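Enquirer:
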Amino acid sequence: MHVSSITAVVSLFVALVSSQRLTKPPLQPNLDNLKAGFLNNLKPVASTKTPYQAGYIPTDCKRIAQNEAKNPADIQSWNVKYSDCSAVWVFCYHKNSNGPLTDLIDTFGRLPVHTRQFNRHIMSLPDTAGHAYNSGGNLVFFGETLSNINVHIHEAAHSLDLLGAFFPDKPLSGSAKWANEYNQDSAVPDPYAQTNQVENVAQNTVVTTYERNVPGGFFGLNPNANKIFHQYATVDTEQRNAAPPNLLVTGGSCTNRLANSAPVLISGSARVAAAAPVEAVAVPDGLATIEAKDFNTKETCNFH
(Lines of atoms letter the chains of each structure in order from A and count residues from 1; the text may use other names and numbers.)
(Lines give C-alpha, C1' and ligand atoms only; values in the text may rest on other atoms or scores of the structure.)
Protein backbone atom coordinates (compact mmCIF):
# COMPACT_ATOMS: atom_id res chain seq x y z
CA MET A 1 0.00 0.00 0.00
CA HIS A 2 1.35 3.45 -0.88
CA VAL A 3 2.16 5.90 1.92
CA SER A 4 -0.68 8.22 0.89
CA SER A 5 -3.13 5.32 0.99
CA ILE A 6 -1.96 4.23 4.45
CA THR A 7 -2.28 7.80 5.68
CA ALA A 8 -5.82 8.06 4.35
CA VAL A 9 -6.77 4.76 5.97
CA VAL A 10 -5.43 5.84 9.38
CA SER A 11 -7.20 9.22 9.17
CA LEU A 12 -10.47 7.56 8.20
CA PHE A 13 -10.12 5.00 10.98
CA VAL A 14 -9.68 7.68 13.66
CA ALA A 15 -12.71 9.55 12.33
CA LEU A 16 -14.87 6.41 12.33
CA VAL A 17 -14.08 5.30 15.89
CA SER A 18 -14.51 8.75 17.44
CA SER A 19 -18.23 8.21 18.01
CA GLN A 20 -18.07 4.54 19.01
CA ARG A 21 -18.35 4.86 22.79
CA LEU A 22 -17.60 1.78 24.91
CA THR A 23 -20.13 0.50 27.42
CA LYS A 24 -18.00 -1.59 29.77
CA PRO A 25 -17.69 -0.01 33.24
CA PRO A 26 -14.52 1.76 34.38
CA LEU A 27 -12.17 -0.01 36.78
CA GLN A 28 -11.11 3.25 38.45
CA PRO A 29 -12.51 6.82 38.48
CA ASN A 30 -9.25 7.95 36.80
CA LEU A 31 -5.58 6.97 36.62
CA ASP A 32 -4.29 9.81 38.78
CA ASN A 33 -3.06 7.34 41.41
CA LEU A 34 -0.36 6.25 38.96
CA LYS A 35 1.41 9.63 38.82
CA ALA A 36 3.51 9.21 41.97
CA GLY A 37 4.77 5.80 40.90
CA PHE A 38 5.69 7.12 37.47
CA LEU A 39 7.54 10.14 38.87
CA ASN A 40 9.45 7.97 41.36
CA ASN A 41 10.49 5.34 38.82
CA LEU A 42 10.62 6.97 35.38
CA LYS A 43 13.64 9.17 35.91
CA PRO A 44 14.20 12.08 33.48
CA VAL A 45 16.96 11.49 30.95
CA ALA A 46 19.74 14.09 30.85
CA SER A 47 19.25 16.59 28.04
CA THR A 48 20.66 19.72 26.46
CA LYS A 49 18.79 22.38 24.53
CA THR A 50 19.90 24.87 21.90
CA PRO A 51 17.87 27.55 20.11
CA TYR A 52 16.33 26.63 16.77
CA GLN A 53 17.34 28.57 13.68
CA ALA A 54 16.45 32.23 14.25
CA GLY A 55 13.40 33.33 12.26
CA TYR A 56 12.26 29.75 11.58
CA ILE A 57 9.75 27.33 13.05
CA PRO A 58 9.01 23.67 12.19
CA THR A 59 6.26 23.36 9.60
CA ASP A 60 4.02 21.27 11.82
CA CYS A 61 4.35 23.66 14.76
CA LYS A 62 3.39 26.62 12.60
CA ARG A 63 0.37 24.77 11.21
CA ILE A 64 -0.83 23.68 14.65
CA ALA A 65 -0.31 27.17 16.13
CA GLN A 66 -2.33 28.76 13.35
CA ASN A 67 -5.07 26.13 13.67
CA GLU A 68 -5.27 27.00 17.38
CA ALA A 69 -5.45 30.74 16.63
CA LYS A 70 -2.00 31.34 18.11
CA ASN A 71 0.62 33.60 16.59
CA PRO A 72 3.63 31.54 15.39
CA ALA A 73 5.81 34.52 16.39
CA ASP A 74 4.98 33.70 20.02
CA ILE A 75 6.39 30.18 19.67
CA GLN A 76 9.94 29.59 20.86
CA SER A 77 11.50 26.58 19.10
CA TRP A 78 14.32 24.56 20.65
CA ASN A 79 16.47 21.62 19.59
CA VAL A 80 16.47 19.20 22.51
CA LYS A 81 18.91 16.30 22.57
CA TYR A 82 18.52 13.57 25.17
CA SER A 83 21.55 11.53 26.18
CA ASP A 84 19.97 8.29 24.93
CA CYS A 85 19.37 9.41 21.33
CA SER A 86 21.57 10.84 18.58
CA ALA A 87 18.64 12.73 17.01
CA VAL A 88 17.15 15.96 18.33
CA TRP A 89 13.51 16.59 19.09
CA VAL A 90 12.29 20.08 18.25
CA PHE A 91 10.16 21.51 21.05
CA CYS A 92 7.75 24.33 20.23
CA TYR A 93 6.97 26.33 23.36
CA HIS A 94 4.53 29.23 23.49
CA LYS A 95 5.89 32.13 25.53
CA ASN A 96 2.69 32.22 27.64
CA SER A 97 2.62 28.49 28.42
CA ASN A 98 1.27 27.42 31.82
CA GLY A 99 4.61 26.16 33.08
CA PRO A 100 8.32 26.36 32.25
CA LEU A 101 9.96 24.76 29.23
CA THR A 102 12.17 22.75 31.60
CA ASP A 103 9.07 20.94 32.91
CA LEU A 104 8.00 20.02 29.38
CA ILE A 105 11.47 18.70 28.53
CA ASP A 106 11.76 16.86 31.86
CA THR A 107 8.36 15.16 31.59
CA PHE A 108 8.77 13.99 27.99
CA GLY A 109 12.27 12.79 28.89
CA ARG A 110 10.82 10.42 31.49
CA LEU A 111 9.11 8.34 28.80
CA PRO A 112 10.99 5.20 27.70
CA VAL A 113 13.17 6.10 24.74
CA HIS A 114 11.51 3.54 22.47
CA THR A 115 8.21 5.29 23.17
CA ARG A 116 9.69 8.76 22.70
CA GLN A 117 11.19 7.95 19.31
CA PHE A 118 7.76 7.54 17.70
CA ASN A 119 6.91 11.19 18.36
CA ARG A 120 7.89 14.25 16.34
CA HIS A 121 7.47 17.72 17.87
CA ILE A 122 6.51 18.41 21.47
CA MET A 123 4.38 21.53 21.73
CA SER A 124 3.03 23.60 24.62
CA LEU A 125 0.25 26.16 24.25
CA PRO A 126 -1.44 28.30 26.93
CA ASP A 127 -4.98 27.56 28.13
CA THR A 128 -6.99 27.89 31.32
CA ALA A 129 -8.15 24.26 30.98
CA GLY A 130 -5.64 21.47 30.60
CA HIS A 131 -6.05 19.19 27.63
CA ALA A 132 -3.86 17.61 24.96
CA TYR A 133 -3.96 15.78 21.65
CA ASN A 134 -1.75 14.00 19.14
CA SER A 135 -1.57 15.27 15.57
CA GLY A 136 0.39 12.91 13.34
CA GLY A 137 2.93 12.19 16.08
CA ASN A 138 3.12 15.79 17.29
CA LEU A 139 2.18 15.98 20.97
CA VAL A 140 0.27 19.17 21.76
CA PHE A 141 -0.16 20.09 25.44
CA PHE A 142 -2.42 22.86 26.72
CA GLY A 143 -2.37 24.42 30.16
CA GLU A 144 -0.75 22.43 32.93
CA THR A 145 -0.74 19.12 31.02
CA LEU A 146 2.76 20.04 29.83
CA SER A 147 4.07 18.49 33.09
CA ASN A 148 1.51 15.69 33.56
CA ILE A 149 3.32 12.37 33.11
CA ASN A 150 0.07 10.43 32.61
CA VAL A 151 -0.96 12.72 29.76
CA HIS A 152 2.47 12.48 28.12
CA ILE A 153 2.30 8.68 28.17
CA HIS A 154 -1.29 8.69 26.92
CA GLU A 155 -0.58 11.00 23.98
CA ALA A 156 2.62 9.15 23.05
CA ALA A 157 0.61 5.93 23.16
CA HIS A 158 -1.49 7.23 20.27
CA SER A 159 1.68 7.41 18.19
CA LEU A 160 2.57 3.81 19.05
CA ASP A 161 -0.93 2.67 18.13
CA LEU A 162 -1.68 4.79 15.06
CA LEU A 163 1.82 4.70 13.53
CA GLY A 164 1.85 0.89 13.72
CA ALA A 165 4.53 0.41 16.38
CA PHE A 166 2.31 -1.98 18.35
CA PHE A 167 0.69 -3.86 15.50
CA PRO A 168 2.11 -4.22 11.95
CA ASP A 169 0.67 -2.00 9.22
CA LYS A 170 -2.45 -0.82 11.06
CA PRO A 171 -3.67 0.47 14.42
CA LEU A 172 -3.90 -2.13 17.17
CA SER A 173 -7.07 -0.37 18.33
CA GLY A 174 -8.80 -1.24 15.05
CA SER A 175 -7.66 -4.85 14.80
CA ALA A 176 -9.77 -7.99 15.19
CA LYS A 177 -7.23 -9.18 17.75
CA TRP A 178 -7.88 -6.20 19.99
CA ALA A 179 -11.65 -6.57 19.65
CA ASN A 180 -11.45 -10.25 20.60
CA GLU A 181 -9.35 -9.57 23.70
CA TYR A 182 -11.49 -6.60 24.73
CA ASN A 183 -14.60 -8.78 24.51
CA GLN A 184 -13.13 -11.16 27.10
CA ASP A 185 -12.80 -8.44 29.75
CA SER A 186 -15.50 -6.98 31.98
CA ALA A 187 -14.14 -3.44 32.38
CA VAL A 188 -11.94 -0.71 30.92
CA PRO A 189 -9.30 1.19 32.92
CA ASP A 190 -11.27 4.40 33.61
CA PRO A 191 -14.09 6.59 32.23
CA TYR A 192 -11.76 8.21 29.71
CA ALA A 193 -11.09 4.77 28.19
CA GLN A 194 -14.82 4.50 27.48
CA THR A 195 -14.51 7.25 24.84
CA ASN A 196 -13.61 4.79 22.05
CA GLN A 197 -11.08 2.04 21.30
CA VAL A 198 -8.32 4.50 20.33
CA GLU A 199 -8.54 6.15 23.75
CA ASN A 200 -8.98 2.76 25.42
CA VAL A 201 -5.73 1.44 23.92
CA ALA A 202 -3.97 4.63 25.05
CA GLN A 203 -5.21 4.27 28.63
CA ASN A 204 -4.28 0.58 28.66
CA THR A 205 -0.84 1.68 27.49
CA VAL A 206 -0.59 3.94 30.54
CA VAL A 207 -1.52 0.92 32.68
CA THR A 208 1.03 -1.31 30.93
CA THR A 209 3.79 1.29 31.27
CA TYR A 210 3.09 1.38 35.00
CA GLU A 211 3.06 -2.41 35.25
CA ARG A 212 6.39 -2.68 33.41
CA ASN A 213 8.31 0.06 35.27
CA VAL A 214 6.90 0.53 38.78
CA PRO A 215 7.57 -2.04 41.55
CA GLY A 216 4.37 -3.83 42.46
CA GLY A 217 2.82 -2.73 39.18
CA PHE A 218 -0.77 -1.89 38.41
CA PHE A 219 -1.94 -5.36 39.38
CA GLY A 220 -0.47 -4.81 42.84
CA LEU A 221 -2.19 -1.44 43.05
CA ASN A 222 -5.72 -2.48 42.06
CA PRO A 223 -7.08 -5.82 43.34
CA ASN A 224 -9.64 -5.89 40.51
CA ALA A 225 -7.12 -5.38 37.71
CA ASN A 226 -7.90 -8.84 36.33
CA LYS A 227 -11.07 -7.26 34.89
CA ILE A 228 -8.90 -5.63 32.20
CA PHE A 229 -6.33 -8.42 32.01
CA HIS A 230 -6.82 -9.33 28.32
CA GLN A 231 -6.52 -5.71 27.20
CA TYR A 232 -3.40 -5.15 29.31
CA ALA A 233 -1.86 -8.47 28.19
CA THR A 234 -2.44 -7.60 24.53
CA VAL A 235 -0.69 -4.24 24.83
CA ASP A 236 2.12 -5.89 26.79
CA THR A 237 2.59 -8.68 24.24
CA GLU A 238 2.65 -6.24 21.32
CA GLN A 239 5.10 -3.87 23.01
CA ARG A 240 7.43 -6.80 23.88
CA ASN A 241 7.32 -8.21 20.34
CA ALA A 242 7.62 -4.88 18.54
CA ALA A 243 10.63 -3.70 16.57
CA PRO A 244 12.41 -2.48 18.62
CA PRO A 245 11.16 -4.72 21.45
CA ASN A 246 10.04 -3.51 24.86
CA LEU A 247 8.65 -0.17 23.70
CA LEU A 248 7.31 0.65 27.16
CA VAL A 249 10.37 -0.32 29.23
CA THR A 250 13.01 2.20 30.25
CA GLY A 251 16.64 1.85 29.19
CA GLY A 252 18.55 1.46 25.94
CA SER A 253 18.88 4.04 23.20
CA CYS A 254 16.79 5.12 20.23
CA THR A 255 16.83 2.96 17.11
CA ASN A 256 14.18 4.65 14.97
CA ARG A 257 12.89 8.21 14.70
CA LEU A 258 9.89 9.98 13.31
CA ALA A 259 11.67 12.73 11.39
CA ASN A 260 11.17 16.37 12.33
CA SER A 261 9.15 18.51 9.94
CA ALA A 262 11.01 20.98 7.75
CA PRO A 263 11.79 24.51 8.96
CA VAL A 264 9.74 27.39 7.51
CA LEU A 265 9.91 31.10 8.12
CA ILE A 266 7.86 32.26 11.09
CA SER A 267 6.48 35.03 8.91
CA GLY A 268 5.49 34.36 5.30
CA SER A 269 5.40 31.12 3.35
CA ALA A 270 9.01 30.68 2.19
CA ARG A 271 10.33 27.15 2.39
CA VAL A 272 13.55 25.83 3.91
CA ALA A 273 16.55 28.12 3.68
CA ALA A 274 20.06 26.86 3.11
CA ALA A 275 21.03 28.16 6.53
CA ALA A 276 18.43 26.01 8.30
CA PRO A 277 20.10 23.49 10.62
CA VAL A 278 20.40 20.04 9.08
CA GLU A 279 19.91 18.30 12.43
CA ALA A 280 16.52 19.94 12.75
CA VAL A 281 15.17 17.65 10.02
CA ALA A 282 17.51 14.78 9.23
CA VAL A 283 17.39 11.42 10.97
CA PRO A 284 21.04 10.59 11.82
CA ASP A 285 22.81 7.67 10.20
CA GLY A 286 22.19 4.44 12.07
CA LEU A 287 18.56 5.27 12.89
CA ALA A 288 15.65 4.03 10.82
CA THR A 289 13.09 6.61 9.71
CA ILE A 290 9.57 5.94 10.96
CA GLU A 291 6.90 6.34 8.30
CA ALA A 292 4.74 9.40 8.93
CA LYS A 293 0.95 9.12 8.87
CA ASP A 294 -1.78 11.70 9.16
CA PHE A 295 -4.12 11.43 12.14
CA ASN A 296 -5.52 13.72 14.81
CA THR A 297 -7.05 12.88 18.20
CA LYS A 298 -8.10 16.48 18.92
CA GLU A 299 -11.79 15.64 18.96
CA THR A 300 -11.44 12.87 21.55
CA CYS A 301 -8.44 13.82 23.72
CA ASN A 302 -9.88 16.19 26.32
CA PHE A 303 -8.09 15.85 29.65
CA HIS A 304 -9.42 18.42 32.13
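Counted the way the working numbering counts, the sequence shown spans residues 105 to 408.
The C-beta atom is built at its ideal place from N, Cα and C for all residues, glycine as well.
Model, not experiment: these values are computed from the prediction.
(1) Is it buried or exposed, leucine 187, if we count other Cβ atoms within 10 angstroms and call 16 or more buried?
(2) Could you tell me how far apart the beta carbons of histidine 225 and serine 365 are, in whole angstroms, since I believe they sit closer than 8 Å?
(3) Do the segment 387-399 and the segment 252-269 touch if we need at least three Cβ pairs shorter than 8 Å?
(4) Assuming tyrosine 286 contacts glutamine 335 under a Cβ cut-off of 8 Å, what Cβ separation, rounded to an integer in Å, is found between them?
(5) Can you give me the start and stop residues for the alpha helix (DSSP H) that valine 149 sits inside?
(6) Which parts of the segment 251-323 are runs of the beta strand (DSSP E), unbroken and 3 residues or longer, counting only runs that do not cross its ends?
(7) Measuring straight from C-alpha to C-alpha, what distance separates proline 388 and alanine 260?
(8) What is the residue span of the alpha helix (DSSP H) that leucine 126 lies within?
(9) Do you know how far the Cα of proline 349 is from the Cα of alanine 283?
(10) Taking only three categories from DSSP, how would you classify valine 353?
(11) In terms of alpha-carbon separation, which member of Leu362, Ala306, Ile370 and Val368 lies closest to threonine 401?
(12) In the DSSP assignment, find the unbroken beta strand (DSSP E) run with alanine 236 in it and report its ends.
(13) Contact check, tyrosine 237 vs isoleucine 370 under 8 Å by CB: the rounded distance?
(14) Once you ignore the five residues that flank aspartate 164 on each side, which residues in its own chain have a CB closer than 6 Å to its CB?
(15) To the nearest angstrom, how far is it from the Cα of glutamine 157 to the Cα of threonine 359?
(16) Between aspartate 178 and phenylalanine 195, what straight-line distance do the alpha-carbon atoms span, to the nearest angstrom?
(17) From proline 230 to asparagine 202, what distance separates their C-alpha atoms?
(18) Once you ignore the five residues that flank leucine 276 on each side, which residues in its own chain have a CB closer than 7 Å to its CB?
(19) Does the distance from the C-beta atom of isoleucine 293 to that of glutamine 132 stay below 8 Å?
(20) What number of angstroms, rounded off, separates the C-alpha of arginine 125 from the C-alpha of glycine 390?
(21) Which parts of the segment 142-228 are runs of the beta strand (DSSP E), unbroken and 3 residues or longer, counting only runs that do not cross its ends?
(22) Are there 16 or more other CB atoms within 10 angstroms of the CB of leucine 250, so buried, or fewer, so exposed?
(23) Per DSSP, which residues does leucine 369 bridge with? Please list them.
Expert: The structure says:
(1) Along the sequence shown, one-based indexing puts residue 187 at 83. For clarity, residue 187 is serine in the given sequence; the question names leucine instead. Exposed.
(2) Counting from 1 along the sequence shown, the entry for residue 225 is found at position 121. Counting from 1 along the sequence shown, the entry for residue 365 is found at position 261. Going by Cβ atoms, the distance from histidine 225 to serine 365 rounds to 7 Å, so yes, they are a contact pair.
(3) yes
(4) Within the sequence shown, numbered from 1, the residue matching residue 286 stands at position 182. Within the sequence shown, numbered from 1, the residue matching residue 335 stands at position 231. Indeed they touch by this definition, with Cβ atoms about 6 Å apart.
(5) As a working mapping, residue 149 is identified with position 45 in the sequence shown. Counting along the chain, valine 149 falls outside any alpha helix (DSSP H), and DSSP gives it neither H nor E.
(6) none
(7) The residue you call residue 388 lines up with position 284 of the sequence shown. The residue you call residue 260 lines up with position 156 of the sequence shown. Approximately 22 Å, taken between the alpha carbons.
(8) In the sequence shown, counting from the first residue as 1, residue 126 sits at position 22. Neither: leucine 126 is in no alpha helix (DSSP H) and is coded neither H nor E.
(9) Residue numbering aside, residue 283 sits at position 179 when the sequence shown is read from its first letter. Residue numbering aside, residue 349 sits at position 245 when the sequence shown is read from its first letter. Approximately 23 Å, taken between the alpha carbons.
(10) For the purposes of this step, residue 353 is taken as the residue at position 249 of the sequence shown. Looking at valine 353 - three-state DSSP - the assignment turns out to be coil, as it is neither helix nor strand.
(11) The residue given as residue 401 occupies position 297 in the sequence shown. Threonine 401 has its Cα closest to that of Ala306, out of Leu362, Ala306, Ile370 and Val368.
(12) Stepping through the sequence shown from its first residue, residue 236 is reached at position 132. 235-239 is the extent of the beta strand (DSSP E) around alanine 236.
(13) The residue labelled residue 237 in the question sits at position 133 within the sequence shown. The residue labelled residue 370 in the question sits at position 266 within the sequence shown. So it is not a contact: roughly 23 Å between Cβ atoms.
(14) Residue mapping note: residue 164 aligns to position 60 of the sequence shown, counting from 1. The residues are His225, Asn242 and Ser365.
(15) If you number the sequence shown from 1, residue 157 lands on position 53. If you number the sequence shown from 1, residue 359 lands on position 255. Answer to the nearest angstrom: the Cα atoms are 26 Å apart.
(16) Numbered from 1 along the sequence shown, position 74 holds the residue referred to as residue 178. Numbered from 1 along the sequence shown, position 91 holds the residue referred to as residue 195. Roughly 13 Å between the two C-alpha positions.
(17) Counted from its first residue, the sequence shown places residue 230 at position 126. Counted from its first residue, the sequence shown places residue 202 at position 98. Using only the alpha carbons, I get a separation of about 6 Å.
(18) In the sequence shown, residue 276 corresponds to position 172, counting from 1. The residues are Asp265, Phe270, Trp282, Val305 and Glu342.
(19) Taking the first residue of the sequence shown as position 1, residue 293 is located at position 189. Taking the first residue of the sequence shown as position 1, residue 132 is located at position 28. Going by the sequence as given, residue 293 is proline instead of isoleucine. Yes.
(20) For the purposes of this step, residue 125 is identified with residue 21 of the sequence shown, where counting begins at 1. For the purposes of this step, residue 390 is identified with residue 286 of the sequence shown, where counting begins at 1. Their Cα atoms are separated by approximately 42 Å.
(21) 151-155, 160-162, 179-186 and 193-198
(22) Taking the sequence shown and counting its residues from 1, one reaches residue 250 at position 146. Classification for leucine 250: buried.
(23) Sequence index remark: in the sequence shown, residue 369 carries index 265 (1-based). DSSP lists Tyr160 as partners of leucine 369.
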